[in-house]
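Worksheet for the structure shown next.
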Amino acid sequence: MADISDIATNVHRLSNVLGKVADHTLQETYGFGMSQFKILWILKKHPEGVQQTNIADWLNLTEAAVSRQIRLLKAEKLIEKRVDPRNRRNRVIMLSAEGKKFAEAAMKVLAREYEPFFKDLSPQQRKTLCDMLENAFYKVITKLGHNN
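In the working numbering, the protein residues as written are 93 to 240.
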């Protein structure tokens, strides 16, 4: 039976390899990399908008690094900043209409790229794996004191 360090190490190794595959594919197809895509993915999962500090926390990046990526995405008109309807003193980042289309297309490209790696998993196994990884992720960021 695998111990916790084996699980964590294998998740880390898989994440690194999939990140390299994605970065290469995104660079070739769209001219931008995984750093920008991760932000688009977060914004797609949270259509109500996300504060920049949350993006930095979730990606384990500095706010300065996220700010640079956001500037690039904003220049491409893929994202926009709006007043947070829940707290008008804050601003949230959201996908623009163009960003939604772009994110969907990029996700389809990556799904085709990743499919061979996960083709042996049934739909239920894929869902279970996804749920387990997401659960572990939220436990880690909660323990680290990040907002989710």
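Ideal placement from N, C-alpha and C gives every residue a C-beta, glycine not left out.
In this structure the stretch 136 to 152 touches the stretch 177 to 185; the number of beta carbon pairs closer than 8 Å is three or more. With a 10 Å radius around the Cβ and a threshold of 16 neighbouring Cβ atoms, L170 comes out buried.
Of the residues D95, V109, V103, the one whose Cα lies closest to the Cα of E205 is V109. Residue range 96 to 122 is occupied by the alpha helix (DSSP H) that includes V109. Remark: C-beta atoms of M126 and L135 do not approach each other more closely than 9 Å.
In this structure, the straight-line span from the alpha carbon of T220 to that of K231 is close to 16 Å. Annotated as proximal: G191 and L165, with beta-carbon spacing under 9 Å.
Judged by DSSP secondary structure, K137 falls within the alpha helix (DSSP H) whose first and last residues are 126 to 137. R174 has V184 as its beta-bridge partners, per DSSP.
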